[in-house]
Amino acid sequence: MTTTVQCPTCGAPVEWKAENTYRPFCCERCKLIDLGAWASGEHAIPGNDLEDDVFSGDLPTQPH
17 MTTTVQCPTC
27 GAPVEWKAEN
37 TYRPFCCERC
47 KLIDLGAWAS
57 GEHAIPGNDL
67 EDDVFSGDLP
77 TQPH
């Protein structure tokens, strides 16, 4: 029996099986929409912003 899940982008039903190369998405378009949302910062994992530590100026500069 195949499990069916909802596409996280559009909500369409998706069969969860190895042959579905886009899972959990229904198609390449939905997969790319989700990728774009991560790349633009629309999606983010909650937590402390580590960039503040990296770019705070506390680190010594290294010559190239």
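All the letters of the sequence shown, read from the start, carry residue numbers 17 to 80 under the working numbering.
Ideal Cβ placement from N, Cα and C applies to all residues, glycine included.
Roughly how many angstroms lie between the CA atoms of residue i and residue j, to the nearest whole one?
i, j, result
"Cys46", "Gly27", "10 Å"
"Glu44", "Thr20", "18 Å"
"Asn64", "Leu51", "22 Å"
"Gln78", "Thr18", "55 Å"
"Lys33", "Cys23", "13 Å"
"Ile49", "Thr25", "7 Å"
To which residues of the same chain is residue i closer than 8 Å at the C-beta, ignoring the five residues directly before and after it?
i, result
"Asn36", "Val30"
"Ile61", "none"
Just list the residues that DSSP pairs residue i with in beta bridges.
i, result
"Trp54", "Paired residue(s): none; Trp54 is not in a bridge."
"Pro29", "Gln22"
Touch test, the segment 54-63 against the segment 27-43, Cβ-Cβ under 8 Å, three pairs minimum
no
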